[in-house]
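In terms of the working numbering, the sequence shown opens at residue 1 and continues consecutively. Where is the CB? At the ideal position from N, CA and C, for every residue including glycine. If you're wondering where the values come from, they're calculated on a predicted model, not measured in any experiment.
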Amino acid sequence: LFDLLSDLTNYIHLFPKDKIDNWSATKESCIFKIKGLAEVGLKIVASTPNTIICIDSHGKTPFKFTLNFYLEKVSENQTNVAYVFEANINPFMKMMAEKPLTQFFNEIIVNLKSNY
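Spelled out as structure tokens, the structure:
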């Protein structure tokens, strides 16, 4: 699971396909548009194998953010994953973005659970 999450080219399989446009990615960074919101860029800035992946906003995002995935191996075939999304966002933008972003991240977790 660490290998999957530490290569941003794989995220196209995790993101809700009906909510993404203009996808472009390398192993370390990606850029895409979330339909109805804005263009978003991600860049891996740090990682510790099988423990954590730290991602920062990248490019012309409407606000700065971090997204960290925390991994905990439970058994040979099971890993627990938690994520923390922190954004520097003004109250007006928060009202507009909170619900779509929550749905977006929830769909990522559903895709992780059902496919990996």
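Non-local C-beta neighbours of Phe63 in its own chain, meaning closer than 7 Å and more than five positions away in sequence, comprise Ala87, Asn88, Ile89, Met93, ordered along the chain. According to DSSP, Ile108 shares a beta bridge with no other residue. Contact between Phe105 and Lys19 fails: their C-beta atoms lie close to 11 Å from each other, not under 8 Å.
For Phe2, the enclosing alpha helix (DSSP H) covers residues 2–5. Unbroken alpha helix (DSSP H) stretches of 4 residues or longer found wholly inside the segment 12–86: none. Note: Asn10 is not bridge-paired with any residue in the DSSP secondary-structure output. Only exposed fits Tyr70, as fewer than 16 other CB atoms lie within 10 angstroms of its CB.
Shown here, Asn115 sits in a helix according to DSSP, grouped into three states.
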